[in-house]
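Per our numbering, the sequence shown starts with residue 4, numbered consecutively.
Positions of the beta carbon are idealized from the N, C-alpha and C atoms, including for glycine.
Following: one structure in structure tokens, then a few remarks.
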Amino acid sequence: MKAQLTSAAMKRLCIKNEDLKEKNYTELILKYRDEEKAKAFQKIQLQTIADLNLRIQQEELRIEQNGITEAEFKILGSPPALKEYIKKEQKMQQSMTQSQSSPRVLTHETLQKSLELRNELQSENQQRQALQRETMLKKMEEQEEKRLRVIEEKRKAAQTLREKYVADDIQEKIDEQRRMQQLKQNERIKKAEELKRRKEQEILEEKIQKQEIFKTKIEATKQAQEYQSFKVQQQQAKTMMSDAEKTQKRLQMLKEQEAANAQFKQQIQQAALIRQQKEQERVRAEEAHKERLRIETERQQQKQIEFQRQKQIETQREYDEKMRRLKEQQQNAKQVLQEEQERKQVLRKVQIEQIQQNEKVKEKMQEETKQKAIQNQIQLVEKKQKIKMMQEKTEQEAEIKKQRLLDEMRQIELLNEQKAKEQEAIVEITQRAYLKTPIK
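Here it is as structure tokens:
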């Protein structure tokens, strides 16, 4: 039976079972890709589910206390309290018909007792209605306080999210600067490696030149040895020559050897000069390269300092602009909250006035029904047929008026619920607009 009552309340409020299901935390993290956002949206979701459950409980109490119409009875089903209410009404009608069918029992004492019982029932009904009104007003106040708390929490969560977005933007800019510095450092490392490679290449060229010089020296020594062996052979072949020829040839050989030695020395000196020139050129190239690197590094450092200064100015300007926008949004949110509170106060005053008017109308109707019932009972004692006719008319009129009153009360409740839903929709729209404002 509890399930039937909850389903009836959910159908009346147009709430689905999917609205009461909580989404998984992993799904929220996959959707928003941020733990802070996921936690904030999970908190909002839990708060909305709690609000929906509270509304369902209030609607269940309302159905148990007031009942439902015949059309809703066919659609929504019958809660147990409604069945008991229908049984009581049937018993009351049966007792009334029995009292009408037996006029001999309708004495003065029975009339007095029936009037006292009716008065007691009416006073109990009035007390119960007053308690219901008090409970409803308390619940409405609690709901308003909860909504205000939820709005404040959402505003704080949105503010923290915006602050986090600003911090993320600043962190992204810092990361970009670090990436630029890393790229520049990589370029410097590449240039240093290129310089090192050039130095190694120059060292290899020097080694090759030294090897070539060593080869030339070896070839020169070989030529000298061959020349000496040739001379020895000539000396051995010409042992029979004269001493003059021998001395001339020796002098010529010495001259040739001196000339060869001088040529060899000249070659060595030329190679040393070439090597010295190359060394000087290499030193000059290294000094020029170092000077170029120094100028380039100074220029890069100057550019980096200028870039960082410009970035700092831009970030400060953007931060000031975002803070100004945040202040404007906070002021707008405060203004919206004040307007909403004023609207709620006006609606509450209107509801209280409507309740007071309904109470006055009910009291008037109850007095009228009392007077008519007394007149009808007196007429029933005097005249049987007239009593029956008048009683039927009064019952019909009372039933019509009762139905009208019930219809009016239901219309008022529907209007109140519609107004509350409109207020909730306005609050949700403002909250979504406040949460979905892009951060520039």
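Please check the pair residue i and residue j, which I expect to be a contact at CB under 8 Å, by giving their CB distance rounded to whole angstroms.
i: Gln68; j: Gln135; result: 6 Å
i: Gln125; j: Gln369; result: 6 Å
i: Glu205; j: Arg285; result: 6 Å
i: Glu62; j: Leu23; result: About 14 Å; that fails the 8 Å criterion.
i: Gln469; j: Glu25; result: With the chain covering 4 to 443 only, the question about residue 469 has no answer from this structure.
i: Leu329; j: Ile154; result: That pair is no contact at about 17 Å.
Where do the N-terminal and C-terminal ends of the alpha helix (DSSP H) with residue i fall, by residue?
i: Asp37; result: Per DSSP, Asp37 belongs to no alpha helix (DSSP H) and is neither H nor E.
Is the distance from the Cβ of residue i to the Cβ of residue j below 8 Å?
i: Thr219; j: Gln255; result: no
i: Gln212; j: Arg312; result: no
i: Ile59; j: Met13; result: yes
i: Leu55; j: Ile18; result: yes
i: Ile216; j: Ala274; result: yes
i: Glu424; j: Leu350; result: As written in the sequence, residue 424 is Lys, which differs from the Glu given in the question. Not a contact, by the Cβ cut-off of 8 Å.
i: Thr372; j: Ala401; result: yes
i: Lys187; j: Gln303; result: yes
i: Ala11; j: Ile66; result: yes
i: Arg150; j: Val364; result: no
i: Arg158; j: Ala336; result: yes
i: Lys167; j: Glu331; result: no
i: Lys347; j: Glu148; result: no
i: Ile403; j: Gln357; result: no
i: Phe267; j: Ala223; result: yes
Is residue i near the ligand FMN, in the sense that its beta carbon is under 7 Å from a heavy atom of that ligand?
i: Lys220; result: Within the structure as shown, the ligand FMN is missing, as the structure has no ligands at all.
Apart from the five residues just before and just after residue i, which ones in its own chain have a Cβ nearer than 8 Å to its Cβ?
i: Lys314; result: Lys176 and Gln180
i: Tyr35; result: Ala41 and Phe44
i: Gln184; result: Gln307
i: Met412; result: Asn69 and Asn361
i: Lys77; result: The predicted model places Lys77 with a pLDDT of 49, which falls under 50 and marks its position as unreliable; any figure quoted below should be read in that light. Once the five neighbours on either side are set aside, Lys77 has no close Cβ partner at all.
i: Glu445; result: A question about residue 445 goes unanswered here, because the residues of the chain that appear run from 4 up to 443.
Excluding the 5 residues preceding and the 5 following residue i in the sequence, name in chain order all residues of the same chain whose CB lies nearer than 7 Å to its CB.
i: Arg295; result: none
i: Leu198; result: His292
i: Gln354; result: Asn419
i: Phe233; result: none
i: Ser81; result: Interpretation of Ser81 is limited by its pLDDT of 49, a score under 50 that renders its predicted location unreliable; no figure is taken from the coordinates.
i: Tyr28; result: Ala41 and Gln45
Output needed for residue i: all residues of its chain with C-beta closer than 6 Å, excluding positions within five of it in sequence on either side, in chain order.
i: Ser102; result: Only weak support exists for where Ser102 lies, its pLDDT of 49 falling under 50; the value from the coordinates is given anyway. Counting only Cβ-Cβ distances below 6 Å, and skipping sequence neighbours, we find nothing.
i: Lys443; result: Reliability of the predicted coordinates at Lys443 is poor, the pLDDT of 42 falling under 50, and the value obtained from them is presented with this limitation in mind. Within the same chain, Lys443 has no close Cβ partners at all.
i: Lys325; result: Val169
i: Glu362; result: none
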